[in-house]
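Quick notes on the structure that follows.
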Amino acid sequence: KQNKKQTNKQKSNIALSRPALNKDFRDHAEQQHIAAQQKAALQHAHAHSSGYFITQDSAFGNLILPVLPRLDPE
16 KQNKKQTNKQ KSNIALSRPA LNKDFRDHAE QQHIAAQQKA ALQHAHAHSS GYFITQDSAF
76 GNLILPVLPR LDPE
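As structure tokens, this is what we get:
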């Protein structure tokens, strides 16, 4: 009877840990999806524009940002 109680307790611990694992998996999958979108947007911008772009986190949700070249003062 003692073993059955331990087994039930172990099962409940596993069940409680699964939502955390699922959330971590979803978060990781979302990060990979965003990274893939950034890469695709950057490749498209470089292929179709003469400008220069970088990937950077943006407060406005932009995947890529245009970069203005710095000119040396004369």
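Heads up: the sequence shown begins at 16 in this note's numbering, then just goes up one per residue. Virtual Cβ for every residue (Gly too), placed ideally from N, Cα, C. Every value quoted in this text rests on a predicted model; they were computed, and no experiment measured them.
One alpha carbon belongs to Lys38, the other to Gln47, and they sit about 14 Å apart. Here Ile79 is buried: its Cβ has 16 or more other Cβ atoms, across all protein chains shown, within 10 Å. The residues Leu80, in chain order, have a CB closer than 8 Å to that of Ser73 in the same chain once the five nearest residues on each side in sequence are set aside. Put simply, the backbone Cα of Ile69 is about 14 Å away from that of Gly76. Non-local C-beta neighbours of Leu57 in its own chain, meaning closer than 7 Å and more than five positions away in sequence, comprise Phe68, Thr70, Ile79, ordered along the chain.
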